[in-house]
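Trainee:
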Amino acid sequence: MQSNILIPNLVLKDGNLVYQIHHEVLSALFNLCKINKRRQEQAAENGIIPHLMIFIMSDFPLKKYALPLLCDMAHASRNSGEQLKAHGGLDMYLSFLDDEYWLVIALDSIFVCLANDNDNSHKVEHALLENDAIQKLVNFFQNCPERHFVHILEPFLKIIMKSSLAINVLRPPRCYCLDSIF
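Using the UniProt record's numbering, read the sequence shown as starting at 1 and increasing by one per residue.
(1) Between 51, 95, 43, 37, which lies nearest to residue 22 when the distance is taken from Cα to Cα?
(2) Starting from residue 162 and walking both ways along the alpha helix (DSSP H), at which residues does that stretch end?
(3) Reducing DSSP to helix, strand and coil, say where residue 62 ends up.
(4) When DSSP labels each residue in this structure, what does residue 165 get in the three-state scheme?
(5) Buried or exposed, going by whether 16 or more other CB atoms sit within 10 Å of the CB of residue 65?
(6) What residue does the alpha helix (DSSP H) around residue 139 start on, and which one ends it?
(7) Confirm, please, whether the CB-CB distance from residue 74 to residue 112 is below 8 Å.
(8) Near residue 167, what residues of its chain come up, given a Cβ to Cβ distance below 6 Å and the 5 sequence neighbours on each side ignored?
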């Protein structure tokens, strides 16, 4: 990764040997980047984000490495956040809200994207207010398993504290499950 030759070789191809290579490379990348924000930033700068998205969307077993790396990149640096924005990271995080295992991490990553949206254009906030994103958030809260509800309250509170527009859009009656919060 340090010499910038690792990431371009992650192009998704078919074959057992290719899968084994992808597994080894993604596993190594996961271990190198998991606890090192600087390496996460380097990976983002070198183009890993679209590759991670491909592995996640293709539903390969490699998703277990790609998905946490993609969520961690929201927390890595402002530059990583810009890379995520450029490659549709917010939409990807919104799609993770359907996955019971990743929903809390995804919601927190959405908040981090929103918190880092300080360029006065409020692109992330406006993207969150689009009909498709609002519908995903409303469906998420209406269908959130009870055992996870307590865990989503903190990231949700952070989102509505950061965005007054989100409060107005998500308040009841649109999202009746939030009646007790408002």
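Glycine included, each C-beta is placed from N, C-alpha and C at the ideal position. None of these values were measured; they are calculated from a predicted model.
Mentor: On the basis of the coordinates in this document:
(1) 51
(2) 146-162
(3) Coil.
(4) helix
(5) Buried is the label assigned to residue 65, since at least 16 other Cβ atoms lie within 10 Å of its Cβ.
(6) 131-143
(7) yes
(8) 160
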